[in-house]
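First up is the structure itself, then whatever we jot down about it.
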Amino acid sequence: MKLIMAVVDDSDSSKVVEELTKRNIGVTRLASTGGFLKRGNTTLLIGLEEERLEEVLGLLEKICKPRKQVVTLFPGVPGETFAPYPIEVTVGGATVFVLNVERFEKI
Ligand code: 2BA
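Below, the structure is given as structure tokens:
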């Protein structure tokens, strides 16, 4: 068994959860915050049989399209001036970790 941890954009998460649920694949949605942009994103925990790994990775790739966006950063270092500045970053896409599951129980 495998566990996928996927960090996705909030705006893509509902579609991913809907597709996984349709396919009878269990998923847990966690509210998370990116360290760089310091804004909300979604972390999905997806436990699945290894045979379905590629199917789910393909689904994430199809739904979570990377796109460019200009965001305004607010530097928060004490003692420095707090001049907000815009930068272009890639959002969307999915940051995916695939872990081996040693044991899986539903008790
Ligand atoms: P954030 O840390 O908020 O990063 C959002 C996006 O900002 C990143 O997208 C990247 O395009 C850009 N970015 C990040 N650090 C940067 C920097 N130092 N300079 C310029 N641009 C930078 P992704 O790389 O697709 O990451 C999306 C989210 O996935 C991240 O949100 C974070 O929550 C998570 N993530 C990415 N890499 C990770 C890792 N190695 N471990 C755990 N979580 C990770």
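Using the working numbering, read the sequence shown as starting at 2 and increasing by one per residue.
The beta-carbon is built from N, C-alpha and C at its ideal position, and this holds for glycine as well.
As the structure is a computational prediction, the values presented were derived from the model and not from experiment.
N42 classed as buried or exposed, judged by whether at least 16 other C-beta atoms fall within 10 angstroms: Counted from its first residue, the sequence shown places residue 42 at position 41. By the beta-carbon neighbour count (other beta carbons within 10 angstroms, threshold 16), N42 is buried.
Quick check on the DSSP output: what are the complete beta strand (DSSP E) runs of length 3 or more inside the segment 32 to 99, in order along the chain? Segments of the beta strand (DSSP E) lying fully in the segment 32 to 99: 41 to 49, 68 to 74, 86 to 92.
Sequence-distant residues of the same chain with beta carbon closer than 6 Å to K16, five excluded per side: By 1-based counting over the sequence shown, the position of residue 16 is 15. Closer than 6 Å at Cβ, skipping near neighbours: I64.
If you count every other CB in all the chains shown that lies within 10 Å of the CB of I88, and 16 or more means buried, which is it? As a position in the sequence shown, residue 88 is number 87, starting the count at 1. With a 10 Å radius around the Cβ and a threshold of 16 neighbouring Cβ atoms, I88 comes out exposed.
So what's K23 in DSSP terms, helix, strand or just coil? On the sequence shown, position 22 is the one that residue 23 refers to. Shown here, K23 sits in a helix according to DSSP, grouped into three states.
What separation, rounded to the nearest whole angstrom, lies between the Cα atoms of G35 and L54? By one-based count along the sequence shown, residue 35 stands at place 34. By one-based count along the sequence shown, residue 54 stands at place 53. C-alpha of G35 to C-alpha of L54: approximately 25 Å in a straight line.
Could you say if the segment 6 to 22 and the segment 44 to 58 meet the contact criterion of at least three C-beta pairs nearer than 8 Å? With a cut-off of 8 Å on Cβ pairs, the segment 6 to 22 is in contact with the segment 44 to 58, counting three or more such pairs.
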